[in-house]
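So for the sequence shown, the numbering used here puts the first residue at 1; every next one is plus one.
Note that the Cβ used here is the ideal one computed from N, Cα and C, for glycine as well.
Values in this document were obtained by computation on a predicted structure and should not be read as measured data.
Structure first, then comments.
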Amino acid sequence: MDNNTIKTELLALCQLSIKQRLDSIKDIINNLQQSLESETKSSAGDKHETGRAMVQLEREKAGQQLVDIQKSQHILDKINPESTSETIGLGSVVFTSGSNYFIGISSGELRVENTTFYAISSSTPIGQLLLGKRVGDEVAFRGLEFNIIEIL
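Structural data, given as structure tokens:
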């Protein structure tokens with residue numbers, strides 16, 4: 001598998017993760033909206049108002065999650081899978097003597113061609129350590145030391 005294909009695959013997996021999260025949160029928001037609309041005034045007025053307030057709070061929390069998902073999508077939109085750089089930055093695929101990383105969004109463990117990569121945000125502690133590094137640089141993180149072997 002060539003270098004561009006690896007980066008393209010990792011980007012596609014992250015985009016799929018975002019799409020699934022987006023679909024899920026939209027369903028939650030729709031269900032909460034329906035719940036708010038179907039509430040009818042009961043004889044227990046205070047109980048009704050408390051229920052509506054709780055649903056409203058859940059809707060606000062879901063709305064914030066939607067904003068976070070949209071920010072992640074915006075970050076992915078900035079990544080050009082065909083670009084390369086000698087230093088680690090957004091969109092870099094990093095092979096190290098320890099683990100392999102895709103710098104984009106935090107999306108957990110991904111597998112491409114039987115190789116494990118960790119999709120991480122550049123704002124995570126390990127992401128911050130890796131930014132700007134070059135092949136041959138050594139990085140120490142949580143008591144482990146590893147070398148940067150390749151950057152795509």
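Beta-carbon proximity check, residue i vs residue j, cutoff 7 angstroms
i           : j           : result
residue 126 : residue 141 : yes
residue 21  : residue 79  : no
residue 55  : residue 36  : yes
residue 14  : residue 121 : no
residue 59  : residue 32  : yes
residue 62  : residue 29  : yes
residue 139 : residue 131 : no
residue 81  : residue 133 : no
Paired residues, beta bridge with residue i - DSSP
i           : result
residue 144 : 141
residue 149 : In the DSSP output, where bridge partners are listed per residue, residue 149 has none listed.
Residue i versus the options, residue with shortest Cα-Cα distance
i           : options          : result
residue 11  : 111, 130, 144    : 111
residue 87  : 152, 8, 16       : 152
residue 118 : 72, 94, 8        : 94
residue 23  : 73, 50, 114      : 73
residue 105 : 124, 9, 115, 113 : 124
residue 135 : 143, 114, 85     : 85
Integer-rounded CB distance, given that residue j should sit under 8 angstroms from residue i
i           : j           : result
residue 25  : residue 97  : At roughly 38 angstroms, the Cβ-Cβ gap does not stay under 8 angstroms, so residue 25 and residue 97 are not in contact.
residue 91  : residue 99  : In fact, because the Cβ distance is near 18 angstroms, the residues do not count as touching under 8 angstroms.
residue 115 : residue 109 : Wrong, their Cβ atoms sit about 11 angstroms apart, outside the cutoff.
> Which full runs of the alpha helix (DSSP H) of 4+ residues lie inside the stretch 100 to 135, going along the chain?
Replying inline: 125 to 130
> Which runs of the alpha helix (DSSP H) spanning at least 4 residues fall entirely within the stretch 16 to 97, listed in chain order?
Replying inline: 45 to 77
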